[in-house]
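J.: Heads up: the sequence shown runs through residues 3 to 396, numbered per the UniProt record's numbering. For every residue, glycine included, the Cβ atom is placed at its ideal position computed from N, Cα and C. From a predicted model like this one, the values you see are computed outputs, not experimental measurements.
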Amino acid sequence: WKTLDDVALAGKTVLLRVDINVPMEAGRVTDATRIEKIVPTVEDIIARGGKPVLLAHFDRPKGKIVPEMSLRHVQPALAAALSRKVVFGEDCIGAPAQAAIAAAELGDVVLLENTRFHAGEEKNDPALAADLAALGDIYVNDAFSAAHRAHASTAGIAHLLPAAAGRLMEAELKALDAALGTPVRPVVAVVGGAKVSTKLDLLGNLVTKVDHLVIGGGMANTFLVAQGVEVGKSLAERDMADTAREILGKAKAAGCTIHLPVDVVVAREFKAGAASETVAATACPADAMILDAGPATVAALTAVFEASKTLIWNGPLGAFEITPFDAATNAAAKVAAALTRAGKLVSVAGGGDTVAALNAAGAAADFTFISTAGGAFLEWMEGKELPGVSALMQ
Ligand code: 3PG
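(1) Decide if the stretch 149 to 157 is in contact with the stretch 353 to 365; the criterion is three or more beta carbon pairs, one per stretch, under 8 Å apart.
(2) May I have a chain-ordered list of the beta strand (DSSP E) segments no shorter than 3 residues that lie completely inside the stretch 131 to 159?
(3) Are there any heavy atoms of ligand 1 lying less than 7 Å away from the beta-carbon of R62, as far as the coordinates show?
(4) For the structure I just gave you, are there three or more beta carbon pairs, one from the stretch 113 to 120 and one from the stretch 57 to 66, closer than 8 Å?
(5) Which residues in the same chain as D203 place their Cβ atom closer than 8 Å to its Cβ, once the five residues preceding and following it in sequence are excluded?
(6) Do you know how far the Cα of A34 is from the Cα of A82?
(7) How is the beta strand (DSSP E) around I260 delimited, first residue to last?
(8) Under the assumption that V264 contacts A298 (Cβ atoms under 8 Å), give the Cβ distance between them as a whole number of angstroms.
(9) I need the DSSP call for R50, collapsed to helix, strand or coil.
(10) Should D33 be counted as a contact of ligand 1 given a C-beta to heavy atom distance under 7 Å?
(11) Thinking C-alpha only, which one of I103, A363, A12, A283 is nearest V233?
(12) Between L137 and A154, is the Cβ-Cβ spacing less than 8 Å?
(13) In chain order, what residues of the same chain lie with their CB nearer than 6 Å to the CB of A253, ignoring the 5 residues before and after it?
(14) Where does E381 land, buried or exposed, given buried means 16+ other C-beta within 10 angstroms?
(15) Cβ-heavy atom distance between A157 and ligand 1 below 7 Å?
(16) For ligand 1, I want to know if N23 counts as a neighbour, meaning its beta carbon is within less than 7 Å of at least one of the ligand's heavy atoms.
(17) Would you say S147 touches ligand 1, meaning its beta carbon is less than 7 Å from a heavy atom?
(18) Below 6 Å CB to CB, which residues in the same chain sit around V31 once its five sequence neighbours on both sides are set aside?
(19) List the endpoints of the continuous beta strand (DSSP E) containing N316.
(20) What residues match up with E27 in a beta bridge as DSSP calls it?
(21) Counting pairs of Cβ atoms below 8 Å between the stretch 306 to 314 and the stretch 187 to 207, do you hit three or more?
(22) Would you tell me roughly how many angstroms separate the C-alpha atoms of A173 and V9, rounded to the nearest one?
(23) So what does DSSP say about V267, is it helix, strand or coil?
(24) Could you spell out the range, first to last residue, of the beta strand (DSSP E) harbouring M291?
(25) With DSSP as the reference, label E279 as helix, strand or coil.
(26) Is any heavy atom in ligand 1 found nearer than 7 Å to the beta carbon of G376?
(27) At the level of alpha carbons, what is the spacing between R240 and R343?
(28) Taking C-alpha atoms, which residue in A340, P389, T374, N223 lies nearest to A365?
(29) Do F379 and G352 come within 8 Å of each other at the CB atom, strictly closer than that value?
(30) Would you kindly work out how many angstroms separate the C-alpha atoms of G230 and L215, rounded to a whole number?
(31) Just list the residues that DSSP pairs G91 with in beta bridges.
(32) Under the three-state reduction of DSSP, which class applies to T331: helix, strand or coil?
(33) Please state whether DSSP places H59 in a helix, a strand or coil.
(34) When the distance is taken between beta carbons, is F371 closer than 8 Å to D391?
(35) Output the distance between the C-alpha atoms of A301 and E27, rounded to the nearest integer angstrom.
(36) Can you give me the start and stop residues for the alpha helix (DSSP H) that L84 sits inside?
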């Protein structure tokens, strides 16, 4: 794929696909991370003499015009992050889009209305892709976090114009390649979350790629059950025990060591500050549930992290949203952060919950790379092709 360095931008109208699908409450942006992350690309385009025209989706309006899902609500936060005038186009194609582009002067930024207001967006309709492409000279995709969608503005359009990756896309792809593509070994992956069933493809792919796989969260309980361990009232998918055993077998054949909790924090109720105790992973009382990994598990993980050169992390180790069940996630995150700071580990993390957990632990800033992506990060870790990335390859 090409980058901004490979395309001439002077005097060009640059259609820049971004992901500014940011969380909002009462019409205000509550986390502007995704907006801040596209600033370098927008600035680079302007510095090279191009006029950036932002294409983006917001939420899931399903091909209808839903006023609450207008990108107009994101315009003030975008203007603030860029310290530039942002001209808004009432539609992402046709006369309203053309008028906004014409009204923008050099140094201004154009933001066009939600691409998903058109049904053709999610269908990757060639007619919509052509209408979008007609607005500009060059297509730049900076929306890695939407690259798992084969939509008109992420895939179709890339075949109609000279196409390149933006700076954020470039950084995401480089970081992910360093973590799983051509990593420095040994590689350790941490996978947490509630269910094995939603992460089957992920686990199946990772055991063939990494040297150590740490399984945490609710899904670890399913693996314990698969090994004949009683887990009391813990969240566990008992019908997935065979599948979990298959994954264990596949890991063994591939030379990947799986790490399950050796001790666990259990409680009788799932609420903040609930009375809890630490027991061996094989000794969960029948009336209790496992809500976190214990300190012996954290010590074991610390040793694995110390012996590794690359870490990729998706999913918390326990019920991190409720104290004290965030302890293992916090402690492991701090170890990874310290090793990264000391130059001993390349650490990459992604996924909404994961990033929230690492932020809460105060560890995110030390990580080598934190992806802005949720679903796309997961699909990439699953070894799937991302249409938005492959469209840049031709
Ligand atoms: C995201 O928030 O992960 C991306 O913006 C993609 O959104 P989607 O899941 O609605 O396609």
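T.: Working from what's here:
(1) No, the stretch 149 to 157 is not in contact with the stretch 353 to 365.
(2) Runs found: 140 to 143.
(3) Yes, ligand 1 has a heavy atom inside 7 Å of this Cβ.
(4) Touching, yes.
(5) Same-chain partners within the cutoff: E384, G385, K386.
(6) Answer to the nearest angstrom: the Cα atoms are 10 Å apart.
(7) Taken as a continuous stretch (DSSP letters only), the beta strand (DSSP E) holding I260 covers 259 to 261.
(8) Contact flag correct, Cβ pair sits at about 5 Å.
(9) It is coil, neither helix nor strand.
(10) No, ligand 1 has no heavy atom inside 7 Å of this Cβ.
(11) Of I103, A363, A12, A283, the residue nearest in Cα terms is A283.
(12) In this structure, A154 does not lie closer than 8 Å to L137 by Cβ.
(13) So the list reads V209, I260, once near-sequence residues are dropped.
(14) Taking a 10 Å sphere around the C-beta of E381, we find 16 or more other C-beta atoms and assign the residue as buried.
(15) Incorrect: A157 has no Cβ contact closer than 7 Å to ligand 1.
(16) Answer for N23: yes, Cβ within range of ligand 1.
(17) Correct: S147 has its Cβ closer than 7 Å to ligand 1.
(18) Excluding positions up to five away in sequence, the list reads V24, A79.
(19) Looking at the DSSP string, the run of the beta strand (DSSP E) that includes N316 is 312 to 316.
(20) Under the DSSP definition of a beta bridge, E27 partners with R30.
(21) A contact exists between the stretch 306 to 314 and the stretch 187 to 207.
(22) Roughly 18 Å separates the two Cα atoms.
(23) DSSP places V267 in strand when its eight states are reduced to three.
(24) Residues 291 to 295.
(25) Note: E279 maps to strand in three-state DSSP.
(26) Checking every heavy atom of ligand 1 against the Cβ of G376, one is found closer than 7 Å.
(27) In a straight line, the C-alpha of R240 is about 40 Å away from that of R343.
(28) That would be A340, whose Cα lies nearest to the Cα of A365.
(29) At the C-beta level, G352 and F379 come within 8 Å of one another.
(30) The alpha-carbon atoms of G230 and L215 are separated by roughly 20 Å.
(31) Bridge partners of G91 according to DSSP: L114.
(32) Helix.
(33) Looking at H59 - three-state DSSP - the assignment turns out to be coil, as it is neither helix nor strand.
(34) First, the amino acid is wrong: residue 391 is Val here, not Asp. Using a Cβ distance threshold of 8 Å, V391 and F371 do not count as a contacting pair.
(35) Computed Cα separation, rounded: 40 Å.
(36) DSSP places L84 inside the alpha helix (DSSP H), whose first and last residues are 77 to 84.
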